[in-house]
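The structure appears below as structure tokens.
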Amino acid sequence: MNLSILRPAAPAVTPIESSPGYWSEVFGRVRRDPVALLVAAVILALILMAILGPSILPGDPFTTSMFKRLKPIGTQGFLLGTDELGRDLLSRLMLGARLSLFMGITPVIFAFFIGGAIGVIAGYAGGWINSLIMRTVDVFYAFPSVLLAIAFSGALGAGVNNALISLTLVFVPQVARIAESVTTQVRNRDYIEAARASGAGPWTIIRTQVLGNVLGPIFVFTTGLISVSMILASGLSFLGLGVSPPEPEWGLMLNTLRTAIYTQPLVSALPGAMIFITSISFNVLADRLRSAMAIRS
Amino acid sequence: MLAYIFRRVLLATPILLGVALVCFMLVHMAPGDPLVSVMPPDASEALREQLVQAYGFDKPLPVQFGLWVWHALHGDLGMSIASGRPVTSEVLNAVGFSLRLALLATLIGFVMGSLFGFVGGYFQDSWLDRLASACSAIGVSVPHYWLGMLMVIIFSSQLNWLPATGGGPMGQSAWAWDWAHLQFMILPAITLSVIPTGIIARTIRAQVAETLSQEFIVGLRAKGMGEWGLFLHVVKNAAPTAMAVMGLQIGYLMGGSILVETVFAWPGTGLLLNSAIFQRDLPLLQGTIWVLALFFVALNLLVDILQTLLDPRIKRG
């Protein structure tokens, strides 16, 4: 008789070090995902380009020349051609990463903190405070987000700051709604009850018990907004509501190059390609992050 | 049922009031004196007096809001600064163009989205599914104003198949359902349809995958039902959600088409908003946004009610 099958196959005590935490598990999953790594690399490159800015440009992004207007891609000295004022397009696209990323990402960061705070407070407080906040949030859901952004920045007038304010106002209700719904799910759990029973005040409970459990989902939702925010921010500049010339920004460049679609179609489409690459990279990364975080064995 | 519809409409009233408040505040958000914002720069003293009376600028804000809502409900949204015509007639003129465009775009989006969604849901994790989800990811994150430019470059400038801009043949402002007019609508509609295509594809893929994993499918298969019969069951289960998403998309496209309409110079509400922004015509901006938001809320309500009517799984709470 073989007794070995009665013996436990694995050692009864597994060392604690070998069980990875939730976040390292998520990180490990993302690291094994080639698509996620690719888009993360693209985003990293764009951010580097934005940080390094003027120091790595191949040419001068501001010098105009009437004789070098709208040169095709591959012209000597102008790798990606020139724009409608004869400025080096490659340099402008690279420097444009600065303002474009700034205008796309900043509102989302603001919305993460403001909307997150509003949502967590509404979710944890419950009752009439929750109703008051959430019904107000519902009002903003009655506008398509493009329309809301254009309404606010149209009323406030052109300018980078006004565009940032408008976009933040668009995203705050969206983040608040997610934050409220995850906080409401958490607030009646036993450990919150236990903390309350042991005499912790609401702010202590939110800080020590609630935030750790809701920040992850709120964060992932917010990353998903960056893609939309990039399109909207450049869209505002495209309409003349964001950055003003001669500062390079992809949306604005796309607008001014619109006059050249018959003479230099490829050159005129390049700024839009940059917006597209950035937007889809953030979209795919948020998607992969979401699925890496959802599967928790 | 009637009681349910009545209650849903009643529940939407505070939202409508909130929407009106946001639109009302737009004029007050603008830097400077709100009177200057709604007055042509060369306004006479009489017109100035008349505007102060109409808007109630000498009265407290809540009264001004009440006045604005009262006027708006009677179809008076003020005068456009740039054209001097009533905002209401300008908006109603443009709404028809935007609605036609949004309907055609949603229709294209529905057909393409269903195709991608069903293929993705049926052949999960195959290369077809990957292709379909890549297409829908592109659809959601492509800047549609750029896509519009690409369309003009390819189909108007290079191939010369379709007109690049405008809402009909030169010198004709009225719309007609003939090829001379329709050809102007094709490029903007395809451009706009990319967003609903991606969203509808994602929704249908999830619905199909969920339905196929349910036990009744196994049961039907065990009873010997063919794939075609099963497909009809899947369609029946996925339809209500897909319809709801499609309905909402019409509203999103109505309000969100400003950039695409600008690229194609399509004379809808988007182009109207664009010119309102350029000429700092705040009454026109305010009125157009209010009408579009109203349309969006009404559409939401309609979709909600229709969905409850069509889908017995949704309990009327």
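These protein sequence lines map, in sequence, to chains A and B. To convert, note that position 196 of the first sequence is 196 in my numbering; the numbers rise steadily by one, no gaps. Going from the second sequence to my numbering is simple: count from 1 and add 1000. All C-beta atoms, glycine included, are put in the ideal place defined by N, C-alpha and C.
Same chain, Cβ closer than 6 Å to residue i, five either side skipped, listed in chain order
i	result
glutamine 1064 of chain B	Gly1056
serine 237 of chain A	Val243, Glu249, Gly251, Leu252
alanine 179 of chain A	Gly116, Gly119, Val120, Ile218
leucine 6 of chain A	Caution is warranted here: a pLDDT of 45 is assigned to leucine 6 of chain A, below 50, making its placement in the model unreliable, and the coordinate value is therefore given only provisionally. No residues qualify anywhere along the chain.
tyrosine 262 of chain A	none
valine 39 of chain A	Ser281, Val284, Leu285
threonine 1211 of chain B	Val1234, Asn1237
serine 153 of chain A	Asn162, Ala163, Ser166, Leu236, Leu241
alanine 1094 of chain B	Gly1268, Thr1269, Leu1272
Candidates the options: closest to residue i by CA position
i	options	result
glycine 1109 of chain B	B/Tyr1252, B/Pro1014, B/Ile1289, B/Val1069	B/Tyr1252
valine 1235 of chain B	B/Thr1203, B/Leu1099, B/Ser1141	B/Thr1203
asparagine 130 of chain A	A/Phe140, A/Gly119, A/Leu164	A/Gly119
leucine 90 of chain A	A/Ile275, A/Pro271, A/Phe112	A/Pro271
leucine 1107 of chain B	B/His1071, B/Asp1058, B/Gly1247, B/Arg1205	B/Gly1247
alanine 1244 of chain B	B/Leu1061, B/Ala1189, B/Asn1300	B/Asn1300
isoleucine 114 of chain A	A/Leu169, A/Gly240, A/Val284, A/Val39	A/Leu169
serine 181 of chain A	A/Ser198, A/Leu48, A/Ala197, A/Val137	A/Val137
leucine 99 of chain A	A/Arg32, A/Thr64, A/Gly159	A/Gly159
aspartate 83 of chain A	A/Val39, A/Arg92, A/Gly77	A/Arg92
methionine 94 of chain A	A/Pro54, A/Gly201, A/Leu44, A/Phe102	A/Pro54
arginine 189 of chain A	A/Gly201, A/Gly199, A/Arg177, A/Ile205	A/Ile205
proline 61 of chain A	A/Phe27, A/Gly86, A/Gly235, A/Ser198	A/Gly86
leucine 1318 of chain B	B/Phe1278, B/Ala1072, B/Pro1188, B/Ala1082	Because chain B in this structure spans residues 1001 to 1317, residue 1318 of chain B falls outside the shown range and cannot be described.
isoleucine 277 of chain A	B/Ala1276, B/Gly1287, B/Leu1147	B/Leu1147
glycine 1018 of chain B	A/Ala97, A/Val139, A/Thr208	A/Val139
glycine 299 of chain A	B/Ala1201, B/Leu1182, B/Ala1094, B/Ala1137	The displayed coordinates of chain A run from 1 to 297. Any statement about residue 299 of chain A would go beyond what the structure contains.
glutamine 1158 of chain B	A/Leu101, A/Ala36, A/Pro265	A/Pro265
glycine 126 of chain A	A/Ser227, A/Ile226, A/Thr183	A/Thr183
proline 107 of chain A	A/Asn255, A/Ala122, A/Ala200, A/Ile226	A/Ile226
Buried versus exposed call for residue i [16 or more other C-beta atoms within 10 Å across all chains shown]
i	result
asparagine 1160 of chain B	exposed
tryptophan 1179 of chain B	exposed
valine 175 of chain A	buried
phenylalanine 171 of chain A	buried
threonine 1308 of chain B	buried
arginine 1256 of chain B	The displayed chain sequence assigns glycine, not arginine, to residue 1256 of chain B. Flag for glycine 1256 of chain B reads buried.
methionine 1112 of chain B	buried
tyrosine 191 of chain A	exposed
isoleucine 47 of chain A	exposed
alanine 1174 of chain B	exposed
tryptophan 1177 of chain B	exposed
alanine 194 of chain A	exposed
glutamine 1214 of chain B	exposed
proline 11 of chain A	Any reading at proline 11 of chain A must be qualified, since the residue scores a pLDDT of 43, below 50, and its modelled position is unreliable; the value itself is stated next. The residue is exposed, with fewer than 16 neighbouring Cβ atoms inside 10 Å.
glycine 1224 of chain B	exposed
threonine 1197 of chain B	buried
threonine 222 of chain A	buried
valine 210 of chain A	buried
lysine 1059 of chain B	exposed
serine 297 of chain A	Reliability of the predicted coordinates at serine 297 of chain A is poor, the pLDDT of 35 falling under 50, and the value obtained from them is presented with this limitation in mind. Exposed, since its Cβ has fewer than 16 Cβ neighbours within 10 Å.
Spatial neighbours of residue i in its chain, beta-carbon cut-off 8 Å, leaving aside the 5 residues before and after
i	result
asparagine 2 of chain A	Residue confidence for asparagine 2 of chain A is low, a pLDDT of 46 falling below 50, so the modelled location carries little weight; the figure read from the coordinates is stated next. There are no such residues.
valine 220 of chain A	Ala286, Leu289, Arg290, Met293
isoleucine 1195 of chain B	Gly1109, Gly1139, Val1140, His1144, Gln1249, Tyr1252, Leu1253, Gly1256
proline 1034 of chain B	Val1027, His1028, Tyr1055, Phe1057
asparagine 1274 of chain B	Ile1258, Glu1261, Thr1262
Proximal residues of chain E, C-beta to C-beta of residue i below 9 Å
i	result
valine 146 of chain A	Of the chains in the structure shown, none is chain E; the protein chains are A and B.
Nearest-angstrom beta carbon gap, residue j and residue i [assumed within contact, 8 Å]
i	j	result
valine 1052 of chain B	valine 1038 of chain B	At roughly 10 Å, the Cβ-Cβ gap does not stay under 8 Å, so valine 1052 of chain B and valine 1038 of chain B are not in contact.
cysteine 1332 of chain B	alanine 1298 of chain B	No statement about residue 1332 of chain B is possible, as the shown extent of chain B runs from 1001 to 1317 and does not include it.
leucine 1192 of chain B	valine 1260 of chain B	5 Å
alanine 1134 of chain B	valine 1119 of chain B	Rounded, the Cβ-Cβ distance is 12 Å, inconsistent with contact.
serine 279 of chain A	methionine 230 of chain A	5 Å
proline 144 of chain A	phenylalanine 1295 of chain B	Not a contact, Cβ separation roughly 10 Å.
glutamate 1090 of chain B	serine 1080 of chain B	6 Å
proline 1283 of chain B	leucine 1047 of chain B	The Cβ separation is near 13 Å, so there is no contact.
Proximal residues to residue i (C-beta, below 7 Å), its chain only, five neighbours per side dropped
i	result
phenylalanine 1184 of chain B	Pro1163, Gly1166, Gly1167, Gly1168
phenylalanine 110 of chain A	Thr168
alanine 1265 of chain B	Thr1165, Gly1166, Leu1271
alanine 149 of chain A	Ser166, Leu167, Val170, Leu232, Leu236
glutamate 247 of chain A	Leu99
phenylalanine 1155 of chain B	Trp1161, Leu1162, Leu1187
alanine 36 of chain A	Val30, Leu285, Arg288
aspartate 1311 of chain B	Pro1240
Beta strand (DSSP E) runs contained entirely in the stretch 1200-1263 of chain B, provided each spans 3 or more residues: none
Ordered list of alpha helix (DSSP H) runs contained in the stretch 149-209 of chain A, each at least 4 residues: 160-187, 190-197, 202-205
Run through the stretch 38-118 of chain A for me and flag every whole alpha helix (DSSP H) of 4 or more residues, listed as ranges in chain order. none
Ordered list of alpha helix (DSSP H) runs contained in the stretch 1088-1143 of chain B, each at least 4 residues: 1127-1141
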